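Undergrad:
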Amino acid sequence: MRSMLKMPGILIVMLLVVSGLLGGCEREQRDQRREPAIASEPVYDGVIIAMGDSLTAGLGVAPEKSYPALLESSLQAAGLNYRVINAGVSGETSSGARSRIDWIINSRPDLVIVETGANDGFRGISTQLLYDNLAAIIESLLANDIGVLLVGMQMVSNLGDDYRSAFNAVYPRLAEHYPVTFMPFFLEGVAMDRGLNQQDTIHPNEEGYRVIVENLLPYVHQALNLERQRDRPL
């Protein structure tokens, strides 16, 4: 009997607790609606796309240790708030890079770093085809008012001296013909150095990528300065 008399009091307490919880939720929701939205995306001064093969993708290293990621950090440390997009595709030849150019252009970058051709060389692909693909990439970018930093590749002699000479001449010829910034050799000071490469002696390790970025940085500054001097259409 006494238990039955206590039941209304228990129910009242439960109702008060639930009411308090609901009221608190409503106040929290109102407070959230009053709070201004906080932007989650950082604002950049510009965009650079690093276009290339596994050397750009960073095969074998953590994404934050790839050269595009290290380049972005180096630029921001120098007061240049640029986003650097890693558009590297492992195993890609210059033909594959050419097939992606519309996506690159539609991303509206300020500058594209073009690193491709090593896989053409390893497969003995025609150096004329390499030249034509790179020329088409460069022409498409320039036609859309996008700056170009062309980085050269050099081939070893195991495919013969004639092929090596023809391959190595492709990049300087393009640099002479088009108004691009040109870095003669992407792997300068890194190629064939066991301390700066992974076990395959082809792909840079973390330290190798740091050296690459140190070498590349002056050319990036040069290319960005050229872009600032140009009259870019609205």
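Residue numbers (full-length UniProt numbering): 1 to 234. Using N, Cα and C, we set each Cβ at its ideal position, and we do this for glycine too. For clarity, every value in this text was computed on a predicted model and none was experimentally measured.
1. Would a C-beta distance cut-off of 8 Å place Y209 and S74 closer than the cut-off?
2. Under 8 Å by Cβ, that's how I've got A57 and G88 pegged, so tell me the actual separation to the nearest angstrom.
3. Grab the span of the alpha helix (DSSP H) containing G208 for me, first residue to last.
4. Given this structure, state the Cα-to-Cα distance separating V114 from G147, to the nearest angstrom.
5. Given that a residue counts as buried once 16 or more other Cβ atoms are within 10 Å of its Cβ, and exposed if not, what is D110?
6. Look at the alpha carbon of D145 and the alpha carbon of N106, and state the distance between them as a whole number of angstroms.
7. Mapping the DSSP letters down to three states, classify E28 as helix, strand or coil.
8. With the cut-off set at 8 Å, would you say L130 and V170 are in Cβ contact?
9. Cα separation between V84 and P68?
10. Please name the residue, chosen from L196, N205, A50 and F167, that lies closest to R108 on a Cα-to-Cα basis.
11. Grouping DSSP H, G and I as helix and E and B as strand, with all else coil, what is G88?
12. If you follow the beta strand (DSSP E) that E115 is in, where does it begin and where does it stop?
13. Which one of T93, R173 and N81 has the shortest CA to CA distance from P42?
14. How far does the beta strand (DSSP E) with I146 in it reach, from first residue to last?
15. When you compare only the Cα positions, how much space is there between H203 and L55?
16. On the DSSP bridge assignment, give the partners of V47 in chain order.
17. Confirm, please, whether the CB-CB distance from E92 to N133 is below 8 Å.
18. Enumerate in chain order the residues of its own chain whose CB-to-CB distance from R230 is below 7 Å, with the five nearest sequence positions on each side excluded.
19. Can you tell me whether DSSP reads G60 as helix, strand or coil?
20. Could you check whether S94 and G117 sit closer than 8 Å to each other, using their CB atoms as the reference points?
21. If we ignore side chains and look at the alpha-carbon of each, how far apart do N158 and L216 end up?
22. Using the DSSP secondary-structure output, state which residues sit across from F186 in a beta bridge.
23. Sort out for me which residues DSSP pairs G96 with in a bridge.
24. Any idea which residues DSSP pairs T181 with across the strands?
TA: Judging by the given coordinates:
1. no
2. 3 Å
3. E206 to Q229
4. 10 Å
5. buried
6. 12 Å
7. Confidence is the limiting factor: at E28 the pLDDT is only 49, short of 50, which leaves the residue's position unreliable and the question unanswerable from this model.
8. yes
9. 6 Å
10. A50
11. strand
12. L111 to E115
13. N81
14. Looking at the DSSP string, I146 is not in any beta strand (DSSP E), and its letter there is neither H nor E.
15. 6 Å
16. R83
17. no
18. none
19. coil
20. yes
21. 27 Å
22. Bridge partners of F186: none, in fact.
23. BP columns for G96 are empty, so no partner.
24. L149
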